[in-house]
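Position in the sequence shown counted from 1, then plus 1, gives you this note's numbering.
Cβ coordinates follow ideal geometry from the N, Cα and C atoms, glycine included.
Report on the structure given below.
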Amino acid sequence: MRLKWFGWLWFVVLLVGVVGCQSGTGQPASGTAKPAAGDLSAYAGSASCADCHKQAYDEWRTSNHANAQRDLSPAIDDEVFTPKRTIHHGSQISFAEKDGDKYILTTAGPNGQPQPFTPSAALGVFPLWQYIIPGPNGRFQLTELAWDPARKEWFNVYGEEDRQAGEWGHWTGRGMNWNSMCAPCHTTAFQKNYDALADRYTSRYVEQGVGCESCHGPMRKHVEFQKSHPEGGYFGDPTIRKLSADNYMAVCGACHSRHGDMTGKFQPGEQFLDHFDPVLPDLSNIFHPDGQVLDEDFEYNVFMLSYMHDSGVRCNNCHSPHTSKIRRPASELCLECHQASMGGRIPIDQAAHGFHPLDKAGSQCTDCHYPRTVYMQRHWRHDHGMTIPDPQLTKEFGIPNACNRCHQDQTVDWAIEWTEKWYGPRMDRPTRQRARVLARLKRNDAAAVPEALELLKTEHNGAWRAVYLKMLAPLVVESPDADLRQTVRQAMLDRLGDSSPLVQAAAIDALDPLGDAVADNLKPALQAPYRLVRAKAAWALRRQIDLQSPAGQELSALLTYNLDQPTGAFRWANFLTETGRPDQALAWYAKAVAWDGGSAPFRHSYAVALSQLHRLDEALEQLAAAARVAPNDALYPYSMGLILAEMNRLPEARDALKKA
């Protein structure tokens, strides 16, 4: 009755993990990590661009990108710390003040007790910025306390959540670690350089902020070539790499997406799916079923789901690359194309289509199709999925609509009445049908499965096809209906040959719990063009793959990359357990639990490994802790019942199983 591997649970946890880091050399200087030589010598720095590209440089220099991370400055930061400010947040009270020429933030430290901290740099510009605090072993942490430059006040980016020391998401925890969570997108050419054995960072970067070479790639050779050809050698410059619109969109997506990082080595010109595993709508509460953002999902993911992406629109069509601002007023941008009939769609007259006076709120295209959600308490962001406002979906499934987001004093029925009056049968569109089916899948409605499989056949957007697979994936192993289970399995097998790497990856993830039964089906994916697909296949074949093979080496690099985070330690521990080395896995499970004690799945898998080594008392302790963390999850009392039965504590086993 030893505990068995709970495949689907691990599968869910695996999908939400973020992979990141490898060891390196060199010591960080004071403050945050400073520029260093080595493989960063290919970079010239943004200042080297100024002489020849003055207009672009001047536009960039004052942008939020350029100032995404900065040194502290009395001209900016004095008013943040003087006079002494008292900050009330949750059950806590913190203080900000200036002592001589040093800024001091007194707040709860790693032990939960207030202590003074001296920030070394600031992260962000508008509408808020946070401060970076140096820590031991090359570690830097980001404060949860932030400054609002418009309101001139401190606030907690987590609102009244009141995170406590010891939690993964507390500002002193690994969820707020600058080296892992912030620096890759707030510095140029960042290298995390984590030594897992020493639990030490020697992080490096070229410059603070998103510099020219973040988007154009390393340019030292270009600068040197131009200096050696003062007569004008632009058109004969062999160092110039021409990037496509898709290349540049991948650059944007590297930071403006929710994803897992597979390499930590992305450079402009490379494929997004060779480095990142984007998060898409699934059974979790990360997105709404119609694709609208719910959690902090950024822009790229939902943009991949949009009609605009399918039509060839890319980030730079709307945004100036050097200021990152939109090129023209939003509706003018939309109407550049939508004033004409395209793809069978009717031309748009802004006033007639929107039914709002052009000088009033609600008249702009973005008011309805780019609804805004606030994150970090003060940061309003537009949803880039370009979805259709549909109050009927709000009534049926609680999916928000732009009408009631604005008209909060009106009912959903009121919004339905007006949309039906204005648009009539046009509201009953394919996007509504898709959202209904996916929402029913999220509610475990088995009757929606045949409809989902039919829609899957006709869906032309690869990202949406991947969403269908993610929603259907649990049925591969969990459906009590054998025929339905086999139907879904076959659909997953059929999609291994899909034209979209996102779909191939989702199919492999879904088939992973079947283990050796599908190994032959998955082996061809080890040679797939995209690393995302190869990595998924290598993980699914982890019990038999040769780690010295090309795909095996990629898997090894991926597994070791994020060992500074609990998800990375957990995944490595699972790999060791599943490849017959549970004794070696224990230390990594212990790290995962120590770094994130609030994650019940970590403790459950730890208990699995302990039980395999006949350390049943310790396994029971971990399961009891998991049950306290997630008291409404039946898995943990069920597993406790199995352990107690094996220990011949039958009355206790009966009670645990009854509870489950």
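Open item on the list: Please report the distance separating the alpha-carbon of proline 514 from that of methionine 305.
Closed with: The straight-line gap from Cα to Cα measures roughly 28 Å.
Open item on the list: I need the DSSP call for glycine 25, collapsed to helix, strand or coil.
Closed with: Here the model assigns glycine 25 a pLDDT of 31, short of 50, so the residue's position is not dependable and the matter cannot be decided.
What does DSSP give as the partner residue(s) for tryptophan 130 in the beta ladder? When beta bridges are read from the DSSP output, tryptophan 130 appears opposite Trp148.
Here's a check: name, in chain order, each residue in its chain whose Cβ is nearer than 7 Å to the Cβ of phenylalanine 576, leaving out the five neighbours to either side.
Once the five neighbours on either side are set aside, the close Cβ partners of phenylalanine 576 are Arg543, Leu560.
Once you ignore the five residues that flank methionine 177 on each side, which residues in its own chain have a CB closer than 6 Å to its CB?
-> These residues qualify, in order along the chain: Gln142, Leu143.
### Message
Taking its Cβ as the centre, do 16 or more other Cβ atoms sit within 10 Å of phenylalanine 603, making it buried, or is it exposed?
### Response
Buried.
field: Range of the contiguous beta strand (DSSP E) that encloses glutamate 98
entry: In this chain, the beta strand (DSSP E) harbouring glutamate 98 covers 93-100.
*asked:* From the DSSP secondary-structure annotation, give me the bridge partner or partners of valine 1.
replied: The shown model of the chain, from 2 to 661, leaves out residue 1, and the question about it has no answer.
Note to self: Taking 7 Å as the limit between beta carbons, can you name the residues of its chain near leucine 198, skipping five residues before and five after?
What the structure shows: Excluding positions up to five away in sequence, the list is empty.
Next on the checklist: DSSP three-state label for histidine 90, please.
Outcome noted: In the three-state scheme derived from DSSP, where H, G and I count as helix and E and B as strand, histidine 90 is classed as strand.
Exercise for the section: Taking valine 303 as the reference, give the member of Gln623, Thr388, Asp52 with the closest Cα. Expected result: Of the listed residues, the one whose Cα sits closest to valine 303 is Thr388.
- Item | Short Cβ contact (9 Å threshold) for tyrosine 639 with leucine 658 | Between tyrosine 639 and leucine 658, the C-beta spacing is below 9 Å.
Report task. Find the nearest neighbour of alanine 448 within the set Leu470, Asp482, Lys458, judged by alpha-carbon distance. Result -> Looking at the Cα atoms, Asp482 is the closest of the given residues.
Evaluate cysteine 369 with the Cβ neighbour count: other Cβ atoms within 10 Å of its Cβ, from every protein chain shown; 16 or more gives buried, anything less gives exposed.
-> Its Cβ being crowded by 16 or more others within 10 Å, cysteine 369 is buried.
Cβ pair proline 269, serine 215 closer than 9 Å:
Yes. Within cutoff.
Inter-residue Cα distance where the pair is leucine 527 and alanine 511: In a straight line, the C-alpha of leucine 527 is about 16 Å away from that of alanine 511.
field: With 16 other Cβ atoms within 10 Å as the buried cut-off, status of alanine 474
entry: Looking at its Cβ environment, which holds 16 or more other Cβ atoms inside 10 Å, alanine 474 is buried.
Fill in: 8 Å contact criterion, which isoleucine 637 and leucine 617 should meet: CB distance rounded
Residue identity check: residue 637 is tyrosine in the sequence provided, not isoleucine. About 15 Å separates the two Cβ atoms, so there is no contact after all.
Notebook entry, point to check: With respect to the beta strand (DSSP E) encompassing alanine 574, which residues constitute its N-terminal and C-terminal limits?
Noted result: For alanine 574, there is no enclosing beta strand (DSSP E); the enclosing alpha helix (DSSP H) has its first and last residue at 567-579.
| Between the beta-carbon of proline 372 and the beta-carbon of alanine 403, is there less than 9 Å? | Cβ atoms of proline 372 and alanine 403: closer than 9 Å.
- Message: Using a Cβ-Cβ cutoff of less than 8 Å, which residues in the same chain neighbour leucine 614 once the five nearest sequence positions on both sides are dropped?
- Response: Closer than 8 Å at the Cβ level, and outside the excluded window around leucine 614, lie Pro583, Asp584, Leu587.
### Message
On the CB-based measure, 16 or more other CB atoms within 10 Å of its CB, does methionine 263 come out buried or exposed?
### Response
The residue in question, methionine 263, is buried, as its Cβ has 16 or more Cβ neighbours within 10 Å.
Counting C-beta neighbours from all protein chains within 10 Å, is the total for asparagine 180 16 or more, i.e. buried, or is it exposed?
The C-beta of asparagine 180 has 16 or more other C-beta atoms within 10 Å across all chains shown, which makes the residue buried.
CA-to-CA distance, isoleucine 133 to histidine 276, given in whole angstroms: If I take the Cα positions, the gap works out to 27 Å.
Contact check, glutamine 93 vs threonine 83, beta carbons under 9 Å
Between glutamine 93 and threonine 83, the C-beta spacing is not below 9 Å.
Cut-off 8 Å between Cβ atoms - residues of its own chain near serine 557, not counting five sequence neighbours on either side: So the list reads Leu548, once near-sequence residues are dropped.
- Figure out for me which residue from Gly581, Ser606, Glu579, Arg496 has the closest Cα to the Cα of lysine 592. Across the set Gly581, Ser606, Glu579, Arg496, the C-alpha of Ser606 shows the shortest separation from the C-alpha of lysine 592.
Going straight from the alpha carbon of alanine 440 to that of threonine 420, what length do you get?
Roughly 21 Å separates the two Cα atoms.
Counted within 10 angstroms of its Cβ, other Cβ atoms place alanine 48 as buried (16 or more) or exposed: Counting Cβ neighbours within 10 Å, alanine 48 comes out exposed, since fewer than 16 surround it.
Determine the DSSP secondary structure at serine 47, reduced to helix, strand or coil.
-> Judged by DSSP in its simplified three-state form, serine 47 adopts helix.
Apart from the five residues just before and just after alanine 661, which ones in its own chain have a Cβ nearer than 7 Å to its Cβ?
Within the same chain, alanine 661 has close Cβ partners Ala635, Pro638, Tyr639, Gly642.
Residues bridged to histidine 257 by DSSP? Beta-bridge partners of histidine 257 (DSSP): none assigned.
Per the contact definition of three or more C-beta pairs closer than 8 Å, is the segment 347-365 in contact with the segment 318-338?
Segments in contact, yes.
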